[in-house]
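Undergrad: Per our numbering, the sequence shown starts with residue 11, numbered consecutively. Note that CB positions come from ideal geometry on N, CA and C, so glycine has one too. Predicted model, so just to flag it, every value in this text is computed and none were measured.
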Amino acid sequence: MMKKIIKFIILISIILIPNIVFAEDVNSILLIVDELSIETIEELYLEQYSIGFVNLKTRPPYSEEGLFLSINTGRKLSIKNFGKKDKKIDYLSDILKKENVSYIGEGKGNLIIGNREGIVDYSEDSIIYSLNWLVEKTDNLLNKSDVLVLEYDLKQGHNRIEILNQYLNHYKNEQIIVLPKAVATEDKYLLNKYLVPIIHINKGNHGLLTSSSTKREGFIALEDISAQIKETYGYKKKIDIGKPFKSIESDNPKKEIEDIYKKNMNLLIAAYLFHGLIYFVQVLLGVWILKAKKIEKWLYTIYSFVSTNIFTSLLLGLFEFHKNIFIYLIINLLISYLITRLIIKRKLDLVKLISIFTYALVVFGTCLYPKMIYNSYIGFNNLVYGARYYGLNNGIMGVLLVTSILSFFSITKSIESDNLKRFIGLFIFIINMITLSTYFGANTGGFITSVVLFGLMIYRLFFSNKEIRRYLFLFFLIGIFIFSLNIIFDDFTGENTHAFGFFYRLKENGISELISLASFKAKELFKLTILPPFSIVLIFQAIILNKLRRIIRDTKEIKEEAMIIFITSLVGFALNDTGVITLIYMIHYLVLDIISNRLKIE
Numbered sequence: 011m012m013k014k015i016i017k018f019i020i021l022i023s024i025i026l027i028p029n030i031v032f033a034e035d036v037n038s039i040l041l042i043v044d045e046l047s048i049e050t051i052e053e054l055y056l057e058q059y060s061i062g063f064v065n066l067k068t069r070p071p072y073s074e075e076g077l078f079l080s081i082n083t084g085r086k087l088s089i090k091n092f093g094k095k096d097k098k099i100d101y102l103s104d105i106l107k108k109e110n111v112s113y114i115g116e117g118k119g120n121l122i123i124g125n126r127e128g129i130v131d132y133s134e135d136s137i138i139y140s141l142n143w144l145v146e147k148t149d150n151l152l153n154k155s156d157v158l159v160l161e162y163d164l165k166q167g168h169n170r171i172e173i174l175n176q177y178l179n180h181y182k183n184e185q186i187i188v189l190p191k192a193v194a195t196e197d198k199y200l201l202n203k204y205l206v207p208i209i210h211i212n213k214g215n216h217g218l219l220t221s222s223s224t225k226r227e228g229f230i231a232l233e234d235i236s237a238q239i240k241e242t243y244g245y246k247k248k249i250d251i252g253k254p255f256k257s258i259e260s261d262n263p264k265k266e267i268e269d270i271y272k273k274n275m276n277l278l279i280a281a282y283l284f285h286g287l288i289y290f291v292q293v294l295l296g297v298w299i300l301k302a303k304k305i306e307k308w309l310y311t312i313y314s315f316v317s318t319n320i321f322t323s324l325l326l327g328l329f330e331f332h333k334n335i336f337i338y339l340i341i342n343l344l345i346s347y348l349i350t351r352l353i354i355k356r357k358l359d360l361v362k363l364i365s366i367f368t369y370a371l372v373v374f375g376t377c378l379y380p381k382m383i384y385n386s387y388i389g390f391n392n393l394v395y396g397a398r399y400y401g402l403n404n405g406i407m408g409v410l411l412v413t414s415i416l417s418f419f420s421i422t423k424s425i426e427s428d429n430l431k432r433f434i435g436l437f438i439f440i441i442n443m444i445t446l447s448t449y450f451g452a453n454t455g456g457f458i459t460s461v462v463l464f465g466l467m468i469y470r471l472f473f474s475n476k477e478i479r480r481y482l483f484l485f486f487l488i489g490i491f492i493f494s495l496n497i498i499f500d501d502f503t504g505e506n507t508h509a510f511g512f513f514y515r516l517k518e519n520g521i522s523e524l525i526s527l528a529s530f531k532a533k534e535l536f537k538l539t540i541l542p543p544f545s546i547v548l549i550f551q552a553i554i555l556n557k558l559r560r561i562i563r564d565t566k567e568i569k570e571e572a573m574i575i576f577i578t579s580l581v582g583f584a585l586n587d588t589g590v591i592t593l594i595y596m597i598h599y600l601v602l603d604i605i606s607n608r609l610k611i612e
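1) Would you say Tyr282 and Gly408 are within 7 Å of each other, going by their C-beta atoms?
2) With H, G and I counted as helix, E and B as strand and the rest as coil, what does DSSP make of Ile137?
3) Let me make sure I understand the geometry here. Which of Val590, Pro70, Leu102 and Gly465 has the alpha-carbon closest to that of Tyr245?
4) Determine the DSSP secondary structure at Ile434, reduced to helix, strand or coil.
5) Roughly how many angstroms separate the alpha carbons of Tyr59 and Ser317, rounded to a whole number?
6) Return the bridge partner residues of Glu161 from the DSSP annotation.
7) Confirm, please, whether the CB-CB distance from Val590 to Leu538 is below 7 Å.
8) Let me know if Asn179 comes out buried or exposed under the rule of 16 or more other beta-carbons within 10 Å of its beta-carbon.
9) In the structure shown, what three-state DSSP assignment does Pro190 receive?
10) Could you pull out every unbroken alpha helix (DSSP H) segment of at least 4 residues lying fully inside the segment 327-404, listed in chain order?
11) Hey, is the segment 130-145 in contact with the segment 114-121, meaning 3+ C-beta pairs nearer than 8 Å?
12) How would you write the range of the beta strand (DSSP E) that Thr220 sits in, first residue to last?
13) State the start and end residues of the unbroken beta strand (DSSP E) segment that holds Ile211.
14) For Arg559, is the classification buried or exposed, using 16 other Cβ atoms within 10 angstroms of its Cβ as the cut-off for buried?
15) Can you grab the Cα-Cα spacing for the pair Asp44 / Glu161, in whole Å?
16) Nearest by alpha-carbon distance to Phe464: which of Phe493, Val601, Ala452 and Asn342 is it?
17) What is the residue span of the beta strand (DSSP E) that Ile64 lies within?
18) DSSP puts Tyr243 in a beta bridge; with which residues?
19) Assuming Lys256 is part of the beta strand (DSSP E), what are its boundary residues?
20) What does a CB cutoff of less than 8 Å around Tyr379 pick up in its chain, not counting 5 residues either side in sequence?
21) On the three-state DSSP scale, how would you describe Ile249?
22) For the alpha helix (DSSP H) holding Ile299, just list the boundary residues, first then last.
23) Might you give, ordered along the chain, the residues of its own chain that have their beta carbon closer than 8 Å to the beta carbon of Pro71, omitting 5 neighbours on each side?
24) For the alpha helix (DSSP H) that Tyr113 lies in, which residues bound it at each end?
25) Is it buried or exposed, Leu348, if we count other Cβ atoms within 10 angstroms and call 16 or more buried?
26) Apply the 10 Å Cβ neighbour rule to Leu154 and answer buried if 16 or more other Cβ atoms are within range, or exposed otherwise.
27) To the nearest angstrom, report how far apart Val293 and Leu535 are at their CA atoms.
28) Indicate whether Ser5 and Gln176 have their beta-carbon atoms separated by less than 7 Å.
29) I'd like the span of the alpha helix (DSSP H) that includes Thr578, first residue to last.
30) Taking Asn276 as the reference, which of Ile546, Ser386, Ile434 and Leu593 has the closest Cα?
31) Where does the unbroken alpha helix (DSSP H) through Leu548 begin, and where does it stop?
32) How would you label Glu34, buried or exposed, when you count the other beta carbons within 10 angstroms and need 16 or more for buried?
33) How long is the line joining the alpha carbons of Leu593 and Phe374, rounded to whole angstroms?
34) Output the distance between the C-alpha atoms of Ile577 and Val462, rounded to the nearest integer angstrom.
35) Who does Ile230 pair with in a DSSP beta bridge?
36) If I'm right that Thr368 touches Thr413 with Cβ under 8 Å, what's the distance once you round it to whole angstroms?
This is the structure in structure tokens:
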């Protein structure tokens, strides 16, 4: 009987007494080094660790202070925010009042952990590169606080890697995050200015880092560091931009992270080359039309080739040829050439075939096999630039929408039944919205653009003989309803994407959150639009369309297509910070359709 009473008391105690009573104290050390190459990690001889990449890019102008403030607050800031006491921004020290925070170092690393006044609870504003000294000071500060930032220069002295190795092994039972504040010299290629490795030591985890912010193996976002610390001490909120770390088990994370880095750099090179080729062909066509006022067959073949190459890029995304950049380029160009030659030689409808198959691959890849999208240069998210980690970028978003329009008109061209046309239209343009929704493509600007396109097609299919002004408000309400469904579904599935998090922050911080986001995106859009090569391509696209305006005006089907593509592309342009890329790719396909029809007429 006594044993039963004791068991009952223990059970009640477990239920009623807060878990924190039984929880072991957690110490966190955020170790900031001057630089950390992938090769240097090998020299640390760590037994259990997780490794990934993080992008250090913050809001311009870029600075060390901006980086440290961004880590602290969990949102990208710049040096302009330094010293501002914005009450709507949470600082780690203000959040961790109960746990206390401390700092060791001679730099500005205290900004990572300080409160909104830049003050830490305890600090040692000097450093001696001796294991005994570091352990003594660390133990002393961790007795007073739970979170410590240690600023450590690896490259400025002898034996510092060895000392760091001993230090990390001494505190291997604590949570440790090792983050460089700049790209290592040996990793600083022309294309990589911000991507650095990050190490996380915690409870024996051994593998690749990831998070819900990136949804990519081997990558976390800068904002995730703050979220991880908040999560450790139970302060994570839905309004936080970052998400806590996750570890994917791996027997050899060092080798895997090297492979990931190599493949991404190869894809980055391919993306620059092929995007550049597409832009060059736009300019070439514009110059030729200005001079010759006629489109030669060889020029049409080149234009068709680069359009086919987008399809080929998606097709090759099923494989991993990009492990070797030279093999990838050869296979890509060869397949694109053979497909283009076959279609033109057999006088097949190139626009119809390329549009339908490209559209089908984008939908298939986005909904069923995202790796195919990420392994293509058109769907590649520039992780070095750090603007987007998952979902559809604004280039492939434009390709999806314009190929859906061209596919619809190509398929329904010979169909007499209006009901069948309506069914096909509803099917295609609903698929667009599903593909760009938060659950799949996760492109909010693209989703809104697809809703606008859906409204345009609904009007064309059901109300084309009626005055549109009567139905504008109805279309607006339908659009709001569809967008709301998208957000509700996001909440229901627990994805909590950036769009969903934005609505939480909007609710918490008010209209200033919207103004801040809109202002930043508008500046980015303006900057990209006026800078080469985008500004040059847009000028020549305008020249091409002006020279081809007669065929647009005189061909009913092309006129209708062009109007829908123009409106959709301008909406996509306005709603996205890189919307200029959406505009360029949508106009690229429109021009392909126009010159293809012109050659048929001639």
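TA: Result, derived from the coordinates:
1) no
2) coil
3) Leu102
4) helix
5) 44 Å
6) Ile42
7) yes
8) exposed
9) strand
10) 335-355, 360-378 and 380-384
11) yes
12) Gly217 to Ser221
13) Leu205 to Ile211
14) exposed
15) 8 Å
16) Phe493
17) First, the amino acid is wrong: residue 64 is Val here, not Ile. It spans Ser60 to Asn65 - the beta strand (DSSP E) in which Val64 sits, taken as one unbroken run.
18) Tyr243 is not bridged to any residue.
19) Phe255 to Glu259
20) Leu328
21) coil
22) Pro263 to Ala302
23) Ser88, Ile89 and Lys90
24) Note, Tyr113: premise wrong, no alpha helix (DSSP H); beta strand (DSSP E) at Val111 to Ile114.
25) exposed
26) Checking the sequence shown, residue 154 turns out to be Lys, not Leu. Looking at its Cβ environment, which holds fewer than 16 other Cβ atoms inside 10 Å, Lys154 is exposed.
27) 21 Å
28) In this structure the chain extends from 11 to 612, so residue 5 is not present and cannot be described.
29) Lys566 to Leu585
30) Ser386
31) Phe544 to Lys557
32) Confidence at Glu34 is low in this model, with a pLDDT of 49, below 50, so its placement is unreliable and no value can be given for it.
33) 23 Å
34) 9 Å
35) Val64
36) 5 Å
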